[in-house]
Amino acid sequence: MIALDVQRIESGYGEVQILWGLSLALEEGRLTTIVGANGSGKTTLLRTIMGLIPAWKGSVSFEGRDVTHLSTHKKAQMGLVLVPEARQLFTDMTVLENLEMGATPARARSEYRQTLEWVFDLLPRLKERMNQRAGTLSGGEQQMVAIARGLMSKPKALMFDELSLGLSPVMVMSLFEVIVKLKQQRLTMLLVEQNVQMALAVSDYAYVLSNGRVELEGEAKKVREMEAVRKAYLGL
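Start counting the sequence shown at 7; every next residue gets the next number (the working numbering).
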């Protein structure tokens, strides 16, 4: 079943068009990754899907419903959630307070305690840091808080924008282990990631973007073996 369906989407900033008729689909319970060079439109796509910037043309459907022009807030209430680039935490608030901010949808509030325990099991370091101000954490720990905040909303589909950007290799491995655990729990996910080799290794399906269009797509293992991808993104 298709959880998220993006059809012929066009958008950009001001008069500058970034996306040119781009289409993709997220299958329920699978991990899909988007890779591409800087400026290929990856972040713009996520922002358009979430309604942070308007779609000029095309459509976005979530669970069979047209949500193209719904507000970001309403999409989040429906279960479509974005873990944004650069984390965007409330740095003067504690870890626990940041997680509470994630549990705003009605269904998330009613299951707050159970979800919090699940999140702490998934990311035990956050339980140790729960009373610490988010702004005093390391970059990797802040990314953990951003992921946990997204999970606290009880998402039906969770999107990550540059999960590993600026983090140490050890922390990147830790975060990808979390992604694999979520995948095993059949959470529908869309991952935009600069670490192409790692992203393709853990994903089910992949799209390669170039200049705001889908250049290649297919099962992640097959995309990983495509000569164009190996040369352009894997250095092989």
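C-beta: ideal position from N, C-alpha, C; glycine also. From a predicted model like this one, the values you see are computed outputs, not experimental measurements.
Within its own chain, the residues whose Cβ lies closer than 6 Å to the Cβ of A9, once the five positions on either side in sequence are excluded, are L32, E34, A163, T194, listed in chain order. Collapsing the DSSP output to three states places I55 in a helix.
Contact between V186 and Q138 is absent: CB atoms are separated by about 27 Å, not below the 8 Å threshold. Runs of the beta strand (DSSP E) lying entirely within the segment 135 to 197, each at least 3 residues long, are 163 to 167 in chain order. DSSP places G108 within a helical segment (H, G or I) once states are collapsed to three. The three-state reading of DSSP puts A31 in strand, counting E and B together.
Looking at the backbone, the Cα of V89 and that of K228 are separated by about 27 Å.
E134 counts as exposed, since fewer than 16 other beta carbons sit within 10 angstroms of its beta carbon. Here the alpha carbons of N44 and G172 stand approximately 14 Å from one another.
By the Cβ rule, the segment 146 to 160 counts as touching the segment 90 to 109, because three or more pairs are nearer than 8 Å. Counting other Cβ atoms within 10 Å of its Cβ, S174 stays below 16 and is therefore classed as exposed. Secondary structure of Q200 (DSSP, three-state): coil.
Here Q94 has A152 as same chain residues with Cβ atoms under 8 Å from its own Cβ, once five neighbours each way along the sequence are excluded. Cβ atoms of S209 and L222 stay farther apart than 8 Å, at about 14 Å. In the DSSP assignment, E221 falls outside any alpha helix (DSSP H) and within the unbroken beta strand (DSSP E) covering 219 to 225. E16 sits in a strand when the DSSP states are folded into three classes.
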